[in-house]
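Participant: According to this note's numbering, the sequence shown is numbered sequentially starting from 296.
Note that the Cβ used here is the ideal one computed from N, Cα and C, for glycine as well.
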Amino acid sequence: MKRLLPLLFGFIFTLQVTAQKSVHIPNYLQNPNDVNGAQFTWSKTAQSANFILIWGNTVGTNPANYPDPDLQFNPARILDTMEYIYTRFKTLGFLDDAPGTNLAQYKIPIVMYNTWGSNGAQGWANGGDADGVVGAFWVHPNAMDDGGVAAHELTHSLQAQCNIDYRADNGLGLVWLNAGIFWETHANFMRNLLYPWAVSAWGMDHYHIETWGDWKNTYENYHLLFAIQASEGINMINRLWRESTSYEYPLQTYKRLSGYTQERFNDSLYHYARRMATFDFPYHNLGKFLRQYRQGDLNGNLQSIQSTHTILRKINGNRYEVPIELAPEEFAYNIIPLHRHPDSCFIRIKFKGHTEANTHTGWRYGFVAEKPDGTVSRYSPTYKDNTSEISFQLEANETKCYFVVMGAPNDAITTNTSNDTWKGYPKHFRHPYELTISGAAPEGHQAPANFRSQLKNNGHLHSNGGGWVQNSATVAASVYVGPSAIVLGNANLSGNVRIENTALVRNATMSGQVKVQDNAFVNTGTYSGNAIIRRQGFAENVTMSQNALIGMRARVYNYKLSGTVEVGGDVIVYNETGNCNNGVHYRLTNYYDNKLLECDGRTASHPVNQDVNNSYAPFSDADMALLCSCATLQDSDGDGQSLCAGDCSDDNPAIFPGAPELCDGQIARASWTETD
C-alpha cells in the first residue's frame with residue numbers, strides 16, 4: 296500500500312523499557328482528543344526486542360480470545376513473526392540498526408487497524424514513519440495471518456527509516472519524488488526474498504512493453520530487482536534507497552552507482568529482459584514459482600494469454616513487423632516464442648530496426664533456449680546492431696526457443712525522469728523493428744491447431760473461417776471466425792460479426808458488423824453496430840455500439856462506448872461505470888485521480904494525443920532479404936566458423952594457413968597476399 300505520511304500531533308512521548316530500545320508512541324495516539332488516542336493504554340500493547348504492537352478497545356486486553364475471528368489475533372505470534380523478518384532483513388542489509396541510528400534507539404510501532412471502533416482507524420495495511428522518529432506500519436489483524444503482508448509493510452517502514460537515518464543527514468531529501476512505484480515494487484521484492492511462493496507473473500507479463508516504472512504496474516515489477524541481485528548483489532538495491540537523489544528515477548540511480556556507460560547499462564538491462572523468457576531466477580526457487588504462476592495464468596487469465604508473448608504482424612511471406620503499439624518502450628521488451636520447423640537446420644533472423652522512429656532508438660536482442668523442465672538452457676550472444684543477420688540452432692535437450700528484443704536507447708534515459716507516466720503512450724519513445732524469419736514460425740503464426748491449444752477443450756472448428764469455437768458458445772454460420780481466432784464460454788455471435796487473426800472472444804454478445812481484429816480480446820459485454828476492437832485492445836463488460844473503437848493497448852471495463860469515440864494508446868478505464876460517444880483518447884487515464892474519459896470531442900491531433908515518435912514506412916523486400924542459407928551456415932571444415940559468418944571459402948587453416956576467405960568478393964584476411 297502507499298506509505299502513510301508522517302502524522303502530526305503534539306510532542307514525542309517515549310518510554311525507556313530496557314537498557315536496549317525505547318518506545319515511541321505515535322503522536323496521534325498520545326492525543327486524548329483523538330478517537331484513537333483516547334483509547335491508548337499500555338495494557339493494550341505487547342512488546343518484543345524490536346517492536347511494539349498497539350491496539351484499541353474493541354478487542355480488549357486479550358485479543359487472542361476475542362470472539363470475532365475477523366479481528367482476533369495473537370500478539371505473541373505476531374511479534375515472533377516480526378522478529379524473524381527483522382533478523383532476515385538485517386542479514387540482507389536493508390535493515391540497519393547500527394549505533395547512532397534512530398532504529399537502534401526505537402522499537403518499530405505496529406498499530407492494529409479496525410480495533411478502535413467504527414470511528415477509529417480502519418484499513419488493510421500501509422507503512423511509513425511515525426512522526427519522523429521511527430518507521431512504523433498500520434495493519435488489519437487478518438493481514439497478519441502469515442508473514443507476507445508483514446514483510447511488505449515492514450519494508451515500507453524501513454524505506455521511511457532510510458529518510459530518517461540516511462537521507463536527511465546526507466542532504467538527499469525524500470526518496471524519488473515519483474517514488475510510489477519504487478516503494479511498492481521494492482516492498483514486494485523484499486517480501487519475496489523471504490516468501491518466494493508469494494511471487495506473481497502477471498504484472499510484467501501484462502506490462503513488459505511499457506517502460507519500467509510505469510504506474511500501471513506499481514506492485515509487480517520487482518523482477519528487475521531479482522536480476523540486479525543476481526548480477527551485482529543485494530547491496531546495490533539497498534544503495535538505491537540510501538544514495539539516490541530526490542529527482543532521480545531509480546534506473547538513473549542504478550546507472551550512476553554502477554558507473555555504467557549507456558552501452559554497458561543497456562547490456563545489463565537486457566540481461567534482465569532475457570531472463571524473463573524463462574524466469575531465470577534461481578535464488579530460493581523464485582524462478583520455479585514464477586513459472587508455475589505464469590503457466591496457471593496462461594491457462595485462464597485472459598490478459599496474460601493476450602500479452603505475455605508478443606504477436607508479430609505478418610507483412611508477407613516470412614517477413615514480420617512488431618506492431619507499433621507493441622514496440623518496446625525504453626528498457627521494455629518483447630518475448631517472441633519461435634516454433635522451429637522440423638526440417639530446419641538453423642533458425643535464421645534478419646533484424647532491422649526503424650531508427651527513423653525517434654532519435655533515441657536502439658535495441659538489444661538475442662535467442663533464449665529452454666529445457667524440457669522450463670528452465671533456461673543457454674543464451675545466445677547479445678546483439679545490438681540496427682541491422683543484423685543472426686542464427687541459432689537448438690540442441691538435443693532444448694525444447695523451446697524465444698527471441699527477446701529490448702528497447703535500448705542510444706543516449707540518456709528520457710522516460711520517467713520526472714513524474715510523467717500519466718502523459719502515457721503518445722509521449723513514450725518506442726523502438727520498432729522488422730524481422731525476416733527462416734526455420735521457425737513466430738508465436739501466432741504456427742499451425743492454428745497448435746496455437747493457444749491449452750484453451751481448446753470441448754469445441755469444434757467453425758464452418759466459416761475454421762476458427763475454434765467452444766461447444767457452449769452460439770456462433771451463427773454468417774459469423775466469420777478466422778483460423779487462429781477463438782470463441783469461448785457462453786459467447787453469442789450473430790449477424791456479420793468477424794473474429795479475425797489471433798483475436799479471442801469469451802462470454803460476450805455480438806451482432807451487426809462488429810469486428811474483433813489482430814490480437815484483441817473481449818470478455819463479456821454487448822457489442823453491436825460497427826463497433827471495432829483491434830490491435831491489442833481489451834474490452835470487458837463493455838457496451839459498444841455505432842462506430843465506437845478500442846485499439847492499440849487500451850483496456851476498457853464496465854463502460855458504454857458509442858458514436859465515434861476512439862479509445863487507444865495505453866488508456867485504462869475501469870474505476871466505475873461511465874459513457875462516452877466522442878473524441879480520440881490516447882493518454883493514460885489517471886485512475887488514482889478517478890479521471891475517466893474526458894469525452895470532449897478532442898481529435899488525434901490534440902496535444903495530449905500527439906506522438907513523440909515519427910511515422911515510418913516498412914522496409915523493402917530487398918532490405919529484409921536473408922543472405923544466409925542452410926548451406927552457408929555449415930562449418931564443413933571444422934574451424935569453428937560457418938561460411939555465412941565470414942569463413943566464406945571454408946578453407947581449413949590447418950591445411951592452408953593464412954589462406955584468403957572471400958566474402959562478397961572481398962578478401963577477409965587483409966594480411967594475406969598472393970605471394971604468401
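1. Hey, is the segment 598-607 in contact with the segment 488-501, meaning 3+ C-beta pairs nearer than 8 Å?
2. Under a three-way DSSP split, which group does I828 fall into?
3. So, under 8 Å CB-CB, G864 and G761 are touching, yes? Tell me the CB distance rounded to an integer number of Å.
4. Is the beta carbon of Y881 closer than 8 Å to that of N1031?
5. With a 10 Å radius around its C-beta and 16 neighbouring C-beta atoms as the bar for buried, classify D509 as buried or exposed.
6. Starting from I320, follow the beta strand (DSSP E) in both directions and report where the run begins and ends.
7. Indicate whether P632 and G702 have their beta-carbon atoms separated by less than 8 Å.
8. Which value, in whole angstroms, describes the spacing of the CA atoms of C943 and S683?
9. If you follow the beta strand (DSSP E) that N836 is part of, which residue opens it and which one closes it?
10. Just to confirm, is the Cβ distance from G739 to F746 under 8 Å?
11. Just checking my contact of F368 with P436 at CB under 8 Å: how many whole Å lie between their CB atoms?
12. Return the first residue and the last residue of the alpha helix (DSSP H) that S602 is part of.
13. Just verifying my parser: in three-state terms, what is the DSSP assignment at M847?
14. Flag this pair as yes or no: are the beta carbons of I973 and L883 separated by less than 8 Å?
15. Exposed or buried, D460, counting other C-beta atoms within 10 Å across all chains shown (16 or more means buried)?
16. Quick one: grab the DSSP three-state call for P902.
17. Across the segment 797-813 and the segment 576-584, are there enough close Cβ pairs to call them in contact, namely three or more that are closer than 8 Å?
18. Measuring CA to CA, which of N594, A522, I610 and H649 is closest to S748?
19. Measure the beta-carbon distance from M377 to F335 and round it to whole angstroms, keeping in mind my assumption that it falls under 8 Å.
20. Considering Cα atoms alone, identify which of E795, V444, L750 and V354 is closest to T410.
21. Using the three-state DSSP reduction, which class does C875 fall into: helix, strand or coil?
22. Can you give me the Cβ contacts of L300 inside the same chain, cut-off strictly under 7 Å, excluding the 5 residues immediately before and after it?
23. Checking 8 Å against the spacing of the C-beta atoms, do A707 and Y911 come in under that value?
24. Give me, in chain order, the residues of the same chain whose beta-carbon lies closer than 6 Å to that of Q315; leave out the 5 immediate sequence neighbours on both sides.
25. Between which residues of its own chain and I619 is the CB-CB distance below 7 Å, once the five residues before and five after are set aside?
26. Classify N766: buried if its beta carbon has 16 or more other beta carbons within 10 angstroms, exposed otherwise.
27. May I have the straight-line CA-CA distance separating N352 from Y323, to the nearest angstrom?
28. Would you check whether the ligand PLP has a heavy atom nearer than 7 Å to the C-beta of T396?
29. Can you name the start and end residues of the beta strand (DSSP E) that N975 belongs to?
30. Quick check on this structure: which residue in F687, T694, Y660 and K647 has the alpha carbon closest to the alpha carbon of N681?
31. Does the segment 475-493 come within contact of the segment 563-570, defined as at least 3 CB pairs closer than 8 Å?
32. Please classify H757: is it buried, with 16 or more other beta-carbons within 10 angstroms of its beta-carbon, or exposed?
33. Provide the residue span of the alpha helix (DSSP H) that contains C925, from first to last.
34. Go through its chain and collect everything with a Cβ distance to A420's Cβ below 8 Å, but skip five positions before and after it.
35. Taking the Cβ atom as the reference point for each residue, do E625 and K666 lie within a distance shorter than 8 Å?
36. Roughly how many angstroms lie between the CA atoms of V671 and A455, to the nearest whole one?
Facilitator: For this structure:
1. yes
2. strand
3. Between G761 and G864 the Cβ distance is about 33 Å, and since that is not below 8 Å, they are no contact.
4. Past the boundaries of the shown model lies residue 1031; the chain is included only from 296 to 971, so the question cannot be answered.
5. buried
6. S317 to I320 is the span of the beta strand (DSSP E), which, as asked, contains I320.
7. no
8. Confidence at C943 is low in this model, with a pLDDT of 39, below 50, so its placement is unreliable and the value that follows should be read with caution. Their backbone Cα atoms lie some 17 Å apart in a straight line.
9. F833 to M839
10. yes
11. 4 Å
12. L597 to S602
13. coil
14. No information on residue 973 is available, as it lies outside the stretch 296 to 971 that the chain covers here.
15. D460 is buried by the Cβ-count criterion.
16. P902 carries a coil assignment under DSSP once its states are collapsed to helix, strand and coil.
17. No contact exists between the segment 797-813 and the segment 576-584.
18. N594
19. Not confirmed; about 20 Å, so no contact.
20. It is V354 whose Cα lies nearest to the Cα of T410.
21. strand
22. In this prediction, L300 has a pLDDT of 33, which is less than 50 and means its spatial position is unreliable; what the coordinates show is noted afterwards. Once the five neighbours on either side are set aside, the close Cβ partners of L300 are G423.
23. It is not a contact, given that the beta carbons lie outside the stated cut-off.
24. none
25. Around I619, the same chain offers R725 and P727 as residues with beta carbons nearer than 7 Å, after the five sequence neighbours per side are excluded.
26. exposed
27. 16 Å
28. Ligands are entirely absent from the displayed structure, and the ligand PLP is therefore not among its contents.
29. Absent from the model: residue 975. The displayed extent of the chain is 296 to 971, so no value can be given.
30. K647
31. no
32. buried
33. No alpha helix (DSSP H) contains C925, which DSSP labels as neither H nor E.
34. So the list reads M296, Y408, F432, W433, V434, H435, A438, V444, H447 and E448, once near-sequence residues are dropped.
35. no
36. Going from the Cα of V671 to the Cα of A455 covers about 37 Å.
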